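Below is one structure; the comments refer to it alone.
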Ligand SMILES: [Zn+2]
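Numbering (the numbering used here), first residue to last: 2 to 231.
This is the structure we're talking about:
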């Protein structure tokens, strides 16, 4: 069970279908394993649009393509639909999807369409073996979606963020000064966060990051890497 959860405002926006692809799929992945947040989303859906109108900050994506979901039971299907390249599921595709589901149970369902294989088999890229990344194919106008892999026992250069970065731990675990994070944990870093995440020793840590601005490295090593970070 996760110890760190999305903010209530984010869950309200999810319930109202106001999140764009990257953040919507990431939130759906957290929800899959978090009963606490599932119950909240269910409640927000029942409360309906009136409450959301008065309690959500003004910053709502004006170009949100459509409702991300009508209710919690449909959320995985809807998240996929929003990518715009999937409307009708053929029998063959259903079979294929089921095979994928059986192939790797560790990948949350909302991601299986995009990550059909084991994490290790993704075409990871990066400037060192300690830190690698994989760009997920559903970034949108607001957010970039990317996996990061920190090798067991290694740490990222110290950095801060120009904007928001939402991180969902997929496998392994990492620590920074604020805490220990395990699969399912959902963490928000922003420009007030200066941290240096370190993967725990036993296993590589894979995180699903959704960010609205490039990383801004602050340490000496970080500054050298800055030009290479998209
Ligand atoms: Zn949660």
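Ideal Cβ positions, reconstructed from N, Cα and C, are used throughout, including at glycine.
Please read all numbers here as calculations on a predicted model, not as lab measurements.
Backbone secondary structure at residue i - three-state DSSP
{"i": "residue 147", "result": "strand"}
{"i": "residue 177", "result": "strand"}
{"i": "residue 123", "result": "coil"}
{"i": "residue 137", "result": "coil"}
{"i": "residue 5", "result": "coil"}
{"i": "residue 152", "result": "coil"}
{"i": "residue 129", "result": "coil"}
{"i": "residue 107", "result": "coil"}
{"i": "residue 113", "result": "helix"}
Check whether residue i and residue j have beta carbons under 9 Å apart
{"i": "residue 30", "j": "residue 209", "result": "yes"}
{"i": "residue 132", "j": "residue 155", "result": "yes"}
{"i": "residue 4", "j": "residue 177", "result": "no"}
{"i": "residue 167", "j": "residue 14", "result": "no"}
{"i": "residue 33", "j": "residue 111", "result": "yes"}
Proximity test, Cβ basis, 9 Å: residue i and chain D
{"i": "residue 168", "result": "This model lacks chain D altogether; it includes just one protein chain."}
Given residue i as reference, the closest of the options once Cα atoms are compared
{"i": "residue 173", "options": "9, 49, 108", "result": "108"}
{"i": "residue 125", "options": "37, 213, 207, 39", "result": "207"}
{"i": "residue 136", "options": "3, 38, 115, 9", "result": "115"}
{"i": "residue 17", "options": "187, 2, 48, 37", "result": "48"}
{"i": "residue 165", "options": "4, 11, 2, 3", "result": "11"}
{"i": "residue 175", "options": "4, 167, 205", "result": "205"}
{"i": "residue 234", "options": "200, 171, 4, 5", "result": "The structure shown does not extend to residue 234, since the chain is modelled only from 2 through 231, so no value can be given for it."}
{"i": "residue 122", "options": "134, 45, 9", "result": "134"}
{"i": "residue 9", "options": "34, 46, 2", "result": "46"}
{"i": "residue 129", "options": "152, 181, 19, 141", "result": "152"}
{"i": "residue 211", "options": "200, 180, 190", "result": "190"}
{"i": "residue 127", "options": "34, 33, 138, 150", "result": "150"}
{"i": "residue 200", "options": "188, 181, 213", "result": "181"}
{"i": "residue 2", "options": "138, 111, 183, 43", "result": "183"}
{"i": "residue 7", "options": "169, 19, 113, 141", "result": "169"}
Complete beta strand (DSSP E) runs within the stretch 9-55 (minimum length 3 residues, chain order): none
Stretch pair the stretch 190-207 + the stretch 143-160: three plus CB contacts closer than 8 Å: yes
Do the stretch 18-25 and the stretch 139-146 touch if we need at least three Cβ pairs shorter than 8 Å? yes
At 3 residues or longer, and completely inside the stretch 157-212: list those beta strand (DSSP E) runs for me, N to C. 160-162, 166-172, 175-177, 180-182, 187-190, 206-212
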